[in-house]
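Below is one structure; the comments refer to it alone.
Protein chains: 2
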Amino acid sequence: MAKTEYPDNVTADDVATAAGVSRWTVNRAFKKDASISPKTRAKVMTAAEALGYVPDLSAAALASARSNLVALLVDDFANPHKLVMLERLTRALRSRGWDTLLVNTLDRDDTTPALLNASQRRVDATILIGIQFNDDVLNAAHGARRFKKLIIFARTSLNPDTISIAVDDEAATREIAQYVIDRGYRRPLYIAGPHTVSAHLLRKETFAAAWQDRFGHAPESVSVPRYDPLLSAQITQATLRARKPGNMPDVIVCENDALALGVMDTIRHEFGLKVPDDIAVVGFDDVPQAASPNYRLTTYRQPLTEMANYLVDVLESTDSTDLDRKFLGQLVIRDSA
Amino acid sequence: MAKTEYPDNVTADDVATAAGVSRWTVNRAFKKDASISPKTRAKVMTAAEALGYVPDLSAAALASARSNLVALLVDDFANPHKLVMLERLTRALRSRGWDTLLVNTLDRDDTTPALLNASQRRVDATILIGIQFNDDVLNAAHGARRFKKLIIFARTSLNPDTISIAVDDEAATREIAQYVIDRGYRRPLYIAGPHTVSAHLLRKETFAAAWQDRFGHAPESVSVPRYDPLLSAQITQATLRARKPGNMPDVIVCENDALALGVMDTIRHEFGLKVPDDIAVVGFDDVPQAASPNYRLTTYRQPLTEMANYLVDVLESTDSTDLDRKFLGQLVIRDSA
DNA sequence: AAAGTTCTTGCACGCGAGTGCAAAAGCTGT
DNA sequence: ACAGCTTTTGCACTCGCGTGCAAGAACTTT
Chain A
1 MAKTEYPDNV
11 TADDVATAAG
21 VSRWTVNRAF
31 KKDASISPKT
41 RAKVMTAAEA
51 LGYVPDLSAA
61 ALASARSNLV
71 ALLVDDFANP
81 HKLVMLERLT
91 RALRSRGWDT
101 LLVNTLDRDD
111 TTPALLNASQ
121 RRVDATILIG
131 IQFNDDVLNA
141 AHGARRFKKL
151 IIFARTSLNP
161 DTISIAVDDE
171 AATREIAQYV
181 IDRGYRRPLY
191 IAGPHTVSAH
201 LLRKETFAAA
211 WQDRFGHAPE
221 SVSVPRYDPL
231 LSAQITQATL
241 RARKPGNMPD
251 VIVCENDALA
261 LGVMDTIRHE
271 FGLKVPDDIA
281 VVGFDDVPQA
291 ASPNYRLTTY
301 RQPLTEMANY
311 LVDVLESTDS
321 TDLDRKFLGQ
331 LVIRDSA
Chain B
1 MAKTEYPDNV
11 TADDVATAAG
21 VSRWTVNRAF
31 KKDASISPKT
41 RAKVMTAAEA
51 LGYVPDLSAA
61 ALASARSNLV
71 ALLVDDFANP
81 HKLVMLERLT
91 RALRSRGWDT
101 LLVNTLDRDD
111 TTPALLNASQ
121 RRVDATILIG
131 IQFNDDVLNA
141 AHGARRFKKL
151 IIFARTSLNP
161 DTISIAVDDE
171 AATREIAQYV
181 IDRGYRRPLY
191 IAGPHTVSAH
201 LLRKETFAAA
211 WQDRFGHAPE
221 SVSVPRYDPL
231 LSAQITQATL
241 RARKPGNMPD
251 VIVCENDALA
261 LGVMDTIRHE
271 FGLKVPDDIA
281 VVGFDDVPQA
291 ASPNYRLTTY
301 RQPLTEMANY
311 LVDVLESTDS
321 TDLDRKFLGQ
331 LVIRDSA
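From first to last, the protein sequence lines stand for chains A and B. Each residue of the first sequence is one higher than the last, beginning at 1 in the numbering used here. Each residue of the second sequence is one higher than the last, beginning at 1 in the numbering used here.
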């Protein structure tokens, strides 16, 4: 008979009764900068705690125009860097009161259904950290109902309806190219990721341009259709096998670490060559494994935490004037090049 | 002036007017097994499509007792296996109409606030795929409001208020132990993960018991406080350095692959030893990297897809009688042992 | 101490849809 | 063509809270 358990659901009304105020005052007590006297708030909070009350965000989202919820669309789970991004993003979001809806868009050919689904949950923004989208989808999405913000994270997009938060790929790649040239490498092979129309990484083009500027010809390149170390290993293997023994590259520059890890594995275990003595390797992202004693990969680190925090700034900002932003990262030199 | 854009928000009422039926009929049309005539449904769907209507799940969650939303608490982003689990879980959930709230619980010392937050969003279940929780938290959570189901995924829990969906660690570990013994290894070192009270993996104990049964003494073991290859590498290095040169183990059995990868790196690059010739290594989980030419790790694969599908079954089941379940996986023999 | 300010608090209405039941419509057999 | 039955449709009420404004309380000023 003792009321040891909390009732099924405590509403603001219950707390109001307990504290001897109105329901609206209860809600004010939970709102950051509401006009309420300190002692009333204290009284309400005490009552709330005693009853085990917490505001229902679901109802709040329905009543107001905001939900403090974002959808995170991911279409690439083979790239270890995704795990790092997920960690940084969820941490930044959560620390500032935002929740994250994780949407796996791997098994659909476009993101439209996922965007639709996000709108059904009244998300305040949709964040894309993948590649599978094009301008058609974006335009459709933007024309549709209830679309607040569409953020492309860690990838540049030229679409004007989109907010892109990314590292400055061009500057980063030029720095990489300069380093490679300075170290005396002259026979590069560039391993690029999937071709995409929108949300392009300018890395391959920039590297090619830098090489062209310096030596008058573009470097060779290969494309891997997924950011997957295992696939990258296979394709690199096929590419190198097709070459004459004397015609090996002296450096392999990769669009990101996911590709670079596979490349290193192949170089060592399929060809029995040494990194960097026979072939050097450069990556991009600085995934945790890049630092392992096995890889010691030279790579480029994006300021992910800073970028994630800026993303939350964007979510909280009201004006929508040119929120795109590029960040500068840092070349991390290890043993692979 | 042309109405090229959809209005801000289309409600069921708008569709009802357009289709010449009542709002409730519109909702029925969107409900899987509602009693509605096929032609009425078709009429409604046509009108809905023309207007760009989709039901508002936020409002639905408020009005009904279900939200079709689950919270996924993760406290360990260094383990590459987490990415695989996230992929499998979100795919299974999404394909059957469930959305996933990803909650990062890394930077808090207990899961209570996260559980509270989940309850604020009216999730139908909370799924834990980490380690940071104990019985106190669980009990508090369960006593509180609006807690539907608490699922421990990929980890065994003996707490009766909890539904545990996991591989049969005991059977798996016995199989591993048997393999190690059959291959003639006699000086094992066991690398365990963090100590936890609840949600225990029985792997270390089972391996020790199996060894004890056979040889009359327990194997040595070390604990790594996080499932992180880099940390595992460090601790393994310290452990092996403390040994006399002639006293090295001939096999290192790891609680999971995250630990095993670090172990292999250390063996090779810090001690210049060969795997498996000098020291063999066994893991658990079969992460993607385990198959790479670099590691070729012998490990144990959990039937994750099957487990994820069962999880959705659990979500959709109404009776709550003993939903715990153990799955059998498969020993994957590669070159590391 | 009265009038003028500023800070607090209360309230009607709406957000968009689910539940359970009752009314209406469709169907069967004779 | 009508009773009897089944399927389909409509509706009052509810879920828990936000918005914007107006009334009330508390504090200043001269």
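Where is the CB? At the ideal position from N, CA and C, for every residue including glycine.
- Close CB contacts of B/R325 within its chain, under the 7 Å cut and outside five residues either way in sequence, are with I165 and Y310 (chain order).
- Each residue's CA atom was taken as its position, placing A/I131 and A/Q302 some 18 Å apart.
- DSSP places A/S58 inside the alpha helix (DSSP H), whose first and last residues are L57 to A63.
- Looking only at B/A209, B/A114 and B/E49, the smallest Cα-Cα distance to A/L116 is reached by B/E49.
- Nearest to A/A308 by alpha-carbon distance, out of A/A154, A/A34 and A/A12, is A/A154.
- For B/F77, the nearest CB of chain A lies under 9 Å from its own CB, placing it at the interface with that chain.
- About 6 Å separates the beta carbon of A/V224 from that of A/L231, a gap short enough to meet the 8 Å contact definition.
- In the DSSP assignment, B/E220 is bridged to B/L189.
- 9 Å or more divides the Cβ of A/V54 from the Cβ of A/T100.
- The contact set of B/S58 on chain A, defined by CB atoms closer than 8 Å, consists of S58, A61, L62, S67, Q120, R121 and R122 in chain order.
- Beta-bridge analysis with DSSP links B/I151 to B/I127 and B/I163.
- At least one CB atom of chain A sits nearer than 9 Å to the CB of B/R91.
- Contact between B/R334 and B/T305 fails: their C-beta atoms lie close to 21 Å from each other, not under 8 Å.
- Under the 10 Å beta carbon count, B/T236 is surrounded by 16 or more other beta carbons and is classified as buried.
- Under the 8 Å Cβ criterion, the stretch 60-75 of chain A does not count as touching the stretch 267-285 of chain A, having fewer than three qualifying pairs.
- Counting only runs of at least 4 residues, the stretch 242-280 of chain B fully encloses the following alpha helix (DSSP H) elements, listed from N- to C-terminal order: 257-269.
- Assignment of alpha helix (DSSP H) within the stretch 66-130 of chain B, counting only whole runs of 4 or more residues, yields 81-95 and 112-120 in chain order.
- Residue burial is scored here from C-beta neighbours: B/D228 has at least 16 other C-beta atoms within 10 angstroms and is therefore classed as buried.
- At a beta-carbon threshold of 8 Å, none of the residues of chain B lie near A/A218; the nearest stands roughly 30 Å away.
- Looking at the DSSP output, A/Y53 shares a beta bridge with no other residue.
- Close to B/K204, with beta-carbon spacing below 7 Å, lies no residue of chain A; the smallest spacing is near 24 Å.
- Residue B/L102 holds the alpha-carbon nearest to the alpha-carbon of B/T126 among B/L102, B/L106 and B/L83.
- In the three-state reduction of the DSSP assignment, A/L331 falls in the strand class.
- Within its own chain, the residues whose Cβ lies closer than 8 Å to the Cβ of A/E316, once the five positions on either side in sequence are excluded, are R96, listed in chain order.
- Neighbourhood of B/E270 in chain A, by CB distance below 8 Å: P293, in chain order.
- The secondary-structure analysis by DSSP pairs A/R325 across a beta bridge with A/I165.
- In the structure shown, A/T11 falls within a coil segment according to DSSP collapsed to helix, strand and coil.
- Of all residues in the stretch 96-110 of chain A, only D99, T100, L101, L102, V103, N104, L106 and D107 place a beta-carbon less than 8 Å from a beta-carbon of chain B.
- The alpha carbon of A/T112 has as its nearest neighbour, out of A/P249, A/R91 and A/L150, the alpha carbon of A/L150.
- Burial of A/H81 is indicated by the presence of at least 16 other C-beta atoms within 10 angstroms of its C-beta.
- Looking at the backbone, the Cα of B/I279 and that of B/D168 are separated by about 27 Å.
- In the structure shown, the three-state DSSP call for B/Y310 is helix.
- Put simply, the backbone Cα of A/A171 is about 24 Å away from that of A/P276.
- Residue environment: B/R214 is assigned as exposed (fewer than 16 neighbouring CB atoms within 10 Å of its CB, all protein chains considered).
- Not a single CB atom of chain B sits nearer than 9 Å to the CB of A/V26.
- Beta-carbon to beta-carbon, A/A233 and B/P38 are separated by about 53 Å, too far to satisfy the 8 Å threshold.
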